[in-house]
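Structure, as structure tokens:
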Amino acid sequence: MAAFVFFDVREIHDPERLGAYRAKVFETVEHFGGRYRVLGDMDSVLEGDWTPNIPVLIEFPDSQTARAWYESDLYAPLKKDRIAAARCDGVLLGGFEHGPGT
1 MAAFVFFDVR
11 EIHDPERLGA
21 YRAKVFETVE
31 HFGGRYRVLG
41 DMDSVLEGDW
51 TPNIPVLIEF
61 PDSQTARAWY
71 ESDLYAPLKK
81 DRIAAARCDG
91 VLLGGFEHGP
101 GT
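Heads up, the sequence shown is in full-length UniProt numbering, so the first residue is 1 and it goes up one at a time.
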């Protein structure tokens, strides 16, 4: 069942380095069967006080694949660049199977 990696990019302090990250990260996501579903477009807050700054949502085939991407040697150098270039929050969200009535 699908799983999602959600990042909220809270602050960018090195735009050039983050640009270098962006130029390479899509390939690593695709390598693990992932697809970007949201990339920085925040429409509106529907409830509560939380307002993501720059939301990023990536869909993977399952939680194991999402974690494999995040912990991979392929992504490791890019992850260092992202962490150095921006302050982000990130979570791994499990999906669910659709059944009758869902």
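C-beta atoms are modelled at their ideal positions from N, C-alpha and C, and glycine is treated no differently.
>> When you compare the CB positions of Pro-55 and Asp-8, do they come within less than 7 Å of one another, or not?
In response: yes
>> So for Asp-81, helix, strand or coil by DSSP?
In response: helix
> Are at least three pairs of beta-carbons, each pair with one atom in the region 71–79 and one in the region 42–60, less than 8 Å apart?
Replying inline: no
>> Given this structure, state the Cα-to-Cα distance separating Met-42 from Asn-53, to the nearest angstrom.
In response: About 8 Å.
> Nearest to Ala-66 by CA position, among Ile-83, Gly-48, Thr-51 and Gly-95, is which residue?
Replying inline: Minimum Cα-Cα distance from Ala-66 among the listed residues Ile-83, Gly-48, Thr-51 and Gly-95 corresponds to Gly-95.
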